[in-house]
């Protein structure tokens, strides 16, 4: 399984938009795709609910860590035959969760809006 992490410490940087588009691309290419939503807002999962039933299937995995609960594993709820896992990371992720995400990821994408403020916030 190839894992793609879409991450930026800044909110509103386009992480979910990029993650959902990447997942759609691979699913439409007949790859068994899953999207793991670590963001408490659950925007990627909401997007999946709005997709047409005729669209290529994408497995949904809610990985948002709730207050007072233990961190969830990257492999949680991902079918064994998944070829592509796209991870939609929350804004401001750090510490142990960040280390686990980076350690188990093949590709890291950091979307950055073309503005000085966003570039400095990401650096």
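Residue numbers (this note's numbering): 57 to 179.
Heads up, the beta-carbon is just placed ideally off N, CA and C, and yes, glycines get one too.
For the options 71, 57 and 100, the alpha carbon positioned closest to that of residue 169 is the one of 71. Put simply, of 140, 148, 109 and 155 the residue whose alpha carbon is nearest the alpha carbon of residue 96 is 148. Collapsing the DSSP output to three states places residue 94 in coil.
For residue 114, the CB contacts under 8 Å within the same chain, skipping 5 residues up- and downstream, are 79, 80, 83, 89, 90, 91, 104 and 107 in chain order. Under DSSP, residue 61 shares a beta bridge with 143 and 164. Across the set 173, 98, 167 and 171, the C-alpha of 167 shows the shortest separation from the C-alpha of residue 69. Residue 159 and residue 98 have their C-alpha atoms roughly 23 Å apart.
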